[in-house]
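In what follows, a structure is listed as structure tokens, so that the remarks can point back to it.
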């Protein structure tokens, strides 16, 4: 069994569980939409939803040698993703909604912000340096979506889209660290970092902010 | 070094090693056939065979923080896979056998059943909950094949085939848990779960049982 | 936190850090070239550079349950890769250099030799058997490049190129083990294994040595 992280306040723990749970559901929804766009079967949609939802946090915890995993300690969220993966496609079909690649960007933006902030905070608490912690925030935020894209055989967004994506997760992580270093309570730092990253990502989608390219 | 799992009976340990070993060889054979179908070079075939054979069990043990790995504790199976990966292609060519994508389904079915059952039992023994244990069984059963498919640049079967595949592994895992909960000896529960999953998977191939799709 | 490996001499530790660091920069350079060839955005190039540079060593350390990771213990190399990933593309554009798939083979050969040798030595020190240690050397040497190729949606080189690649890493690992078994000092064994593997790989590129194929 992995050791638990350093003890932290119950309020922070509870807040992190709730924020990670919302992020899990948001990423699961983006996975369901990705699977639906590719016309995967019902089990394929569920597999993608699971991996997108839990992949990033699990890799972070393996890298930090930290446990138990979020989905082991909070099994309710696993059931919630299972329900979402089964009900989601049924709902989409009943409503004759044709999911597009664009639709999954919105829940993905919510997950990105939440996981970047919570992932950074979790790593900071385990004693990692600021740079390693913000990189762990990026891992938590982008790895699930990366698996999602590889599984449906696309070059992952995070490396190919010319969109502001991983860099927003990185910035959100540094914001969480910076606020904490200024003495802000961690729970506030995480909430602010998550909201700022989420809003930046949504603005990047809406206004089509682009990274510099090759020409 | 990772800690060992809880102590279990020597008979069960031996039975699990034998069952996992057969599963390893079956998945290695499916990897060799996949590599041959794609005309990979001899080293490529060996790499795919290794990852298909040992990928699922290794990821399970990393997630359960359990060790030593199957292939570290039972090095004979590594040599066996190495021999199979070298002799297999030579044999296929000598016999002028053209491997098809269909051929690799049969050894894959054997590996799926064995790994779903043994993976679930290993997780249950390490103290995981029934849901987490059956998910670990699914991970053990499908992850190796998923790497195999990603490496040859296909959308993995498990998410795209409309075949009963991951869901059979999931059902096999619940059967292992259920039999154990009813007081059946673990070694019997694993054997029954493995055979039932294997037979279900073979029936699914033969009768082309399909999952509900999008139309 | 993972336990540290067995104590080894300070000279060997320092030599390994320097050799791994050079390997990290070489693989990062190959990742930058791969990303540039595919016209990825600046963040995508950085993500590929990071994963190519640190992927193999990190997987090895997760599998060996060994810590802290190279990039956690030696954070300077993370900053170096970050700088390389930002300056590299700017330099390529300023010089009007069109990177080709062939160009990334040269830094990749340097990384392959260094990681095969150092990866094997690290595994031997942690108490793994010769076969497991050489396989860990192969994992260290090829996994980063494998992620790089999967991310840009190619069938990885290591399985498809018909080039002498993974097999050279395997041979380099056995050489490190063999020299050590003959009583050669580890630091010399690693240096010789790395140089031999590197030279073999470069000769394989230059003279286009091929593996036996299917026809």
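Chains as they are written, first to last, in this note's numbering: chain V, 1 to 215; chain R, 216 to 430; chain Y, 431 to 645.
We put the CB at the ideal spot given by N, CA and C, even for glycine.
Chain R contact residues for residue i, given Cβ-Cβ distances below 7 Å
| i | result |
| --- | --- |
| residue 149/V | Correct list: empty, because the minimum Cβ distance to chain R is about 11 Å. |
| residue 48/V | 374 |
Buried versus exposed, by CB contacts within 10 Å (16 or more), residue i
| i | result |
| --- | --- |
| residue 89/V | buried |
| residue 48/V | buried |
| residue 39/V | exposed |
| residue 613/Y | exposed |
| residue 401/R | buried |
| residue 163/V | buried |
| residue 270/R | buried |
| residue 79/V | exposed |
| residue 58/V | buried |
| residue 642/Y | exposed |
| residue 528/Y | exposed |
| residue 221/R | With a pLDDT of only 46 at residue 221/R, under the threshold of 50, the placement of this residue in the model should not be trusted; the figure read from the coordinates follows. By the 10 Å Cβ count, residue 221/R comes out exposed. |
| residue 207/V | exposed |
| residue 505/Y | exposed |
| residue 349/R | buried |
| residue 14/V | exposed |
| residue 490/Y | buried |
| residue 550/Y | buried |
| residue 210/V | exposed |
| residue 41/V | buried |
| residue 627/Y | buried |
| residue 178/V | exposed |
| residue 474/Y | buried |
| residue 280/R | buried |
| residue 3/V | Since pLDDT at residue 3/V reaches only 48, below the 50 mark, its modelled position is unreliable, and no value is offered. |
| residue 93/V | exposed |
| residue 27/V | buried |
Test: residue i CB closer than 9 Å to a CB of chain R
| i | result |
| --- | --- |
| residue 233/V | A question about residue 233/V goes unanswered here, because the residues of chain V that appear run from 1 up to 215. |
| residue 45/V | yes |
| residue 593/Y | yes |
| residue 572/Y | yes |
| residue 21/V | no |
Per-residue contacts from residue i into chain V (C-beta, under 8 Å)
| i | result |
| --- | --- |
| residue 505/Y | 129, 131, 132 |
| residue 508/Y | 131, 132, 135 |
Neighbour list for residue i in chain Y, Cβ cutoff strictly below 7 Å
| i | result |
| --- | --- |
| residue 156/V | 581 |
Minimum Cβ-Cβ distance from residue i to chain V less than 9 Å
| i | result |
| --- | --- |
| residue 381/R | yes |
| residue 639/Y | no |
| residue 465/Y | yes |
| residue 413/R | no |
| residue 319/R | no |
Contacts of residue i in chain R (Cβ-Cβ under 8 Å)
| i | result |
| --- | --- |
| residue 86/V | Correct list: empty, because the minimum Cβ distance to chain R is about 11 Å. |
| residue 642/Y | 256, 257 |
| residue 72/V | 343, 344, 347 |
Contacts that residue i makes with chain V (C-beta to C-beta distance below 9 Å)
| i | result |
| --- | --- |
| residue 277/R | 62 |
Residue-level contact to chain C via CB, residue i, 9 Å cutoff
| i | result |
| --- | --- |
| residue 336/R | Absent here is chain C; the protein component of the structure consists of chains V, R and Y. |
Three-state class that DSSP yields for residue i in the structure shown
| i | result |
| --- | --- |
| residue 254/R | coil |
| residue 490/Y | helix |
| residue 631/Y | helix |
| residue 496/Y | coil |
Below-9 Å beta-carbon distance, residue i vs any chain Y residue
| i | result |
| --- | --- |
| residue 272/R | no |
Distance cut-off 8 Å: residue i Cβ against heavy atoms of the ligand SAH
| i | result |
| --- | --- |
| residue 278/R | The ligand SAH is absent from the structure shown, which contains no ligand whatsoever. |
At 3 residues or longer, and completely inside the segment 533-586 of chain Y: list those beta strand (DSSP E) runs for me, N to C. Listed in chain order, the beta strand (DSSP E) elements of length 3 or more contained wholly in the segment 533-586 of chain Y amount to none.
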